[in-house]
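Take a look at the structure set out below.
Protein chains in written order, with our numbering: chain V, 11 to 325; chain L, 11 to 325.
Printed below as a string of structure tokens:
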């Protein structure tokens, strides 16, 4: 394939670590002497099987866009239990089937749900709640484990991970929250904080809009297939809404992975545990790139540049 | 238009400030009592005509993709004089005409140039140099003015702007450089630092990959039409290269705007000067969003979240 032989960035390590790509499983295992001098690709190749986990099938959405393009979203019930539950109620009722991606605003979000306007009849929410209490942040006390990331962040006292999710916290306030990084999925709302039901969801597709942190409920993360949202044609209406109904991307179906035979596509994948030694090593390797292309390692990585390695389960 | 009536984010202020959208000129002027309490939209509407500048037509590339989609790139000769000059030599010789966008890697870059592989004959560079000395950074002494941005940054001691471009510097080292923010355009290179001629260019289309800073020459910024690059289908080959030639997006032509009658599309636009009071006010307004949707202003903005307001010249 032309071009592949001349990577203008030495980004090979990125390929298997990037959201939505699963090339890691094919890499040969390597013997590593010192983990902190290895590249991301070498670290992943040398990882232990136990450092990987299957996706949380009971909390993973399998969204099929037209053309049967697969987008998998892991929900975050530890941080947004009410939103996660309401979204699952909607999904189980088939709420999203036949709806569409209605808004793609460049360098911001792709958003999906019912395209009906203010004055048109909306699809009924059935057993799901029309309003959900805000889950913009929560107390650190009693909350899930927080895996800290070293280094400065302008938006929060500390950044890190809660399970698969980028997060931040401020110990002096006793508060923690999920962070608006690329691929994160949130619950659209109007001005009223409780107005987001989960019937309209968005995914971040641009430079991470961290100013949204603590202002809206993040309910999960695209762990597979973000490119099917980020690569959509941008809407030319206000806020990136499509001006023509024909420009919208149809949603064929959304299902809970656990409701599909063997979990569907989600059942074939695994993610690197963020509390694993390899994940820690990957962060260090990406703070200081060591392949031949880089002349000056950054000595830093910002929260939203840390990618979640996801791969096909080894057979 | 359905959906527009219910913005799930109060992002109206973003619309006219976003790269590639030029809705600002239509906003009515407002009387502002205190600039620091206004929203971005209000500040832009109240800006003085003299705070806007025409694009630098002698250093702006007018790239036409198939369908006559317009992408405008302002070059940065103050920071990358050699690369800018070599790119202009290539452009004036028609080098890019009939070439293509060959790589679109999700959450990273779109890259264009000659799609021929390692073993295939490449289009000759003509009078342009095949190698160009690295312009990854430069001395602060004798360099262009630096307009600082308040707040922490993990990658650099200070961040700010050099003309239209996001930049960073480290006074203790006496060095400054352009920063890899969304929409910035760089000069692809192989491992050798001087191997980037400008014949292969890339634009950032994802979360800003600041680890590239000081490792590769940034030569400019997409100031109009980034969505025609960021919205392209992602390549499925290694590093996001397309696997089929038919998937590439043809480049109809690249011209210097100053060589087009009245500067072409670039001649119809103006950008907010980054040394203007309104730009300073916009940064403050975006550090602390004040519209009704936001409950908790961030008190911070990271360098790559600061957008360059570009609009149609008022008639």
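C-beta atoms are modelled at their ideal positions from N, C-alpha and C, and glycine is treated no differently.
Beta-carbon neighbours of residue 219 (chain L), restricted to chain V and to distances below 8 Å: For this step, residue 219 (chain L) is matched to residue 209 along the second chain. By Cβ distance, chain V contributes 315.
Simplified DSSP assignment, three categories, for residue 72 (chain L): Here the question's residue 72 (chain L) lines up with position 62 in the second chain. Three-state DSSP puts residue 72 (chain L) in a strand.
Segment contact, 8 Å Cβ cut-off, at least three pairs: the segment 236-255 of chain L with the segment 126-146 of chain L: No contact exists between the segment 236-255 of chain L and the segment 126-146 of chain L.
Residue 94 (chain L) at chain V interface by Cβ criterion, 8 Å: Position 84 of the second chain, counted from the first residue, corresponds to residue 94 (chain L). Not an interface residue.
Beta-carbon spacing of residue 48 (chain V), residue 268 (chain V) below 8 Å: Here residue 48 (chain V) refers to the residue found at position 38 of the first chain. Here residue 268 (chain V) refers to the residue found at position 258 of the first chain. Going by C-beta atoms, residue 48 (chain V) is not nearer than 8 Å to residue 268 (chain V).
Residue-chain proximity (residue 34 (chain V), chain L), Cβ-Cβ < 8 Å: The sequence position of residue 34 (chain V) within the first chain is 24, counting from 1. In this prediction, residue 34 (chain V) scores a pLDDT of 34, lower than 50, which makes its location untrustworthy; no coordinate-derived value is stated.
C-beta atoms of residue 313 (chain L) and residue 159 (chain L) nearer than 8 Å: Here the question's residue 313 (chain L) lines up with position 303 in the second chain. Here the question's residue 159 (chain L) lines up with position 149 in the second chain. Yes, the pair counts as a contact, with Cβ atoms nearer than the cut-off.
Cβ separation of residue 90 (chain L) and residue 229 (chain L), assumed to be a contact under 8 Å, to the nearest whole Å: Indexing the second chain from 1 puts residue 90 (chain L) at position 80. Indexing the second chain from 1 puts residue 229 (chain L) at position 219. About 5 Å separates the two Cβ atoms, so the contact holds.
Cutoff 8 Å: residue 299 (chain L) Cβ touching any chain V Cβ: Taking the first residue of the second chain as position 1, residue 299 (chain L) is located at position 289. With 8 Å as the cut-off, residue 299 (chain L) counts as an interface residue toward chain V.
contact_flag[the segment 94-106 of chain V, the segment 163-180 of chain L] where n(CB pairs < 8 Å) is 3 or more: no
Helix, strand or coil at residue 109 (chain V) according to DSSP, with G and I counted as helix: Within the first chain, residue 109 (chain V) is the residue found at index 99, counting from 1. Reduced to three states, the DSSP call for residue 109 (chain V) is coil.
Within 8 Å of chain V by C-beta, residues of the segment 155-189 of chain L in sequence order: 161, 162, 163, 164 and 165
Where residue 203 (chain L) meets chain V, residues with beta-carbon distance less than 8 Å: Counting from 1 along the second chain, the entry for residue 203 (chain L) is found at position 193. Ordered by position in chain V, the residues that pass the 8 Å Cβ test against residue 203 (chain L) are 305.
8 Å Cβ cutoff, residue 54 (chain V) in contact with chain L: The residue you call residue 54 (chain V) lines up with position 44 of the first chain. Cβ-Cβ to chain L under 8 Å: no for residue 54 (chain V).
Residue of L:273, L:119, L:205 and L:151 minimising C-alpha distance to residue 96 (chain L): As a first step, residue 96 (chain L) is located in the second chain; it is residue number 86 there, counting from the start. Ranking L:273, L:119, L:205 and L:151 by Cα distance to residue 96 (chain L) puts L:205 first.
Rounded C-alpha distance that separates residue 57 (chain L) from residue 77 (chain V): The residue you call residue 57 (chain L) lines up with position 47 of the second chain. The residue you call residue 77 (chain V) lines up with position 67 of the first chain. Straight-line Cα distance between these residues: approximately 47 Å.
Cβ distance (whole Å) where residue 75 (chain V) is taken to contact residue 238 (chain V) below 8 Å: Start at 1 with the first residue of the first chain, and residue 75 (chain V) comes out as number 65. Start at 1 with the first residue of the first chain, and residue 238 (chain V) comes out as number 228. Yes, they are in contact, since the Cβ atoms of residue 75 (chain V) and residue 238 (chain V) sit about 6 Å apart, within 8 Å.
Residue from V:311, V:278 and V:117 with nearest C-alpha to residue 63 (chain V): Sequence index remark: in the first chain, residue 63 (chain V) carries index 53 (1-based). Comparing Cα-Cα distances from residue 63 (chain V) to each of V:311, V:278 and V:117, the minimum goes to V:278.
CB of residue 148 (chain L) within 8 Å of CB of residue 195 (chain L), strictly: Along the second chain, one-based indexing puts residue 148 (chain L) at 138. Along the second chain, one-based indexing puts residue 195 (chain L) at 185. Not in contact: residue 148 (chain L) and residue 195 (chain L) (Cβ atoms no closer than 8 Å).
Sequence-distant residues of the same chain with beta carbon closer than 8 Å to residue 61 (chain L), five excluded per side: Here the question's residue 61 (chain L) lines up with position 51 in the second chain. Contacts found: 282, 283, 286, 287, 288 and 289.
Own chain, CB closer than 7 Å to residue 141 (chain L), minus 5 neighbours either side, in chain order: If you number the second chain from 1, residue 141 (chain L) lands on position 131. Correct list, in chain order: 204, 205 and 207.
Alpha-carbon to alpha-carbon, residue 199 (chain V) and residue 309 (chain L): As a first step, residue 309 (chain L) must be located in the second chain, where it is residue number 299. As a first step, residue 199 (chain V) must be located in the first chain, where it is residue number 189. C-alpha separation (whole angstroms): 22 Å.
Alpha helix (DSSP H) segment containing residue 102 (chain L), residue limits: Sequence index remark: in the second chain, residue 102 (chain L) carries index 92 (1-based). For residue 102 (chain L), the uninterrupted alpha helix (DSSP H) run begins and ends at 91-102, by DSSP.
Residue 119 (chain V) and residue 212 (chain V) closer than 8 Å at C-beta: For this step, residue 119 (chain V) is matched to residue 109 along the first chain. For this step, residue 212 (chain V) is matched to residue 202 along the first chain. Against a cut-off of 8 Å, the Cβ pair of residue 212 (chain V) and residue 119 (chain V) comes out as a contact.
The segment 227-252 of chain V: positions lying closer than 7 Å to chain L by Cβ: 236, 237, 240, 241, 242, 243, 244, 247, 248, 249 and 251
8 Å contact criterion, which residue 220 (chain L) and residue 187 (chain L) should meet: CB distance rounded: Along the second chain, read from residue 1 onward, the residue named residue 220 (chain L) stands at position 210. Along the second chain, read from residue 1 onward, the residue named residue 187 (chain L) stands at position 177. Going by Cβ atoms, the distance from residue 220 (chain L) to residue 187 (chain L) rounds to 11 Å, so no, they are not a contact pair.
Closest residue to residue 258 (chain V) among V:51, V:86, V:124 and V:73 (Cα-Cα distance): Start at 1 with the first residue of the first chain, and residue 258 (chain V) comes out as number 248. It is V:124.
Spatially closest choice to residue 261 (chain V) from V:276, V:215, V:185 and V:108, by CA coordinates: Counting from 1 along the first chain, the entry for residue 261 (chain V) is found at position 251. The option with the nearest alpha carbon to residue 261 (chain V) is V:108.
Same chain, Cβ closer than 6 Å to residue 113 (chain V), five either side skipped, listed in chain order: Your numbering for residue 113 (chain V) matches position 103 in the first chain. Within the same chain, residue 113 (chain V) has close Cβ partners 121, 245, 250 and 251.
Short-range partners of chain V found in the segment 113-127 of chain L, where Cβ spacing is below 8 Å: 113, 114, 115, 116, 117, 118, 119, 121, 125, 126 and 127
Neighbouring residues, chain L, relative to residue 78 (chain V) (Cβ below 9 Å): Sequence index remark: in the first chain, residue 78 (chain V) carries index 68 (1-based). Going along chain L, no residue has its Cβ under 9 Å from residue 78 (chain V), so there is no contact; the nearest lies around 15 Å.
Reference residue 264 (chain V); option with closest CA among V:80, V:168 and V:217: Position 254 of the first chain holds residue 264 (chain V). The shortest Cα separation from residue 264 (chain V) among V:80, V:168 and V:217 belongs to V:80.
Bridge-paired residues (DSSP) for residue 115 (chain L): For the purposes of this step, residue 115 (chain L) is taken as residue 105 along the second chain, with counting starting at 1. Paired residues: L:119.
Any C-beta of chain L under 8 Å from that of residue 224 (chain V): One-based indexing of the first chain puts residue 224 (chain V) at position 214. Yes, because at least one Cβ of chain L sits closer than 8 Å to the Cβ of residue 224 (chain V).
Among L:70, L:170, L:316 and L:51, the one whose alpha carbon lies nearest that of residue 192 (chain L): By 1-based counting over the second chain, the position of residue 192 (chain L) is 182. Measuring from the Cα of residue 192 (chain L), the nearest candidate turns out to be L:316.
Residue 227 (chain L) and residue 93 (chain L) closer than 8 Å at C-beta: On the second chain, residue 227 (chain L) is found 217 positions in, with the first residue counted as 1. On the second chain, residue 93 (chain L) is found 83 positions in, with the first residue counted as 1. Residue 93 (chain L) is positioned such that its CB atom lies closer than 8 Å to that of residue 227 (chain L).
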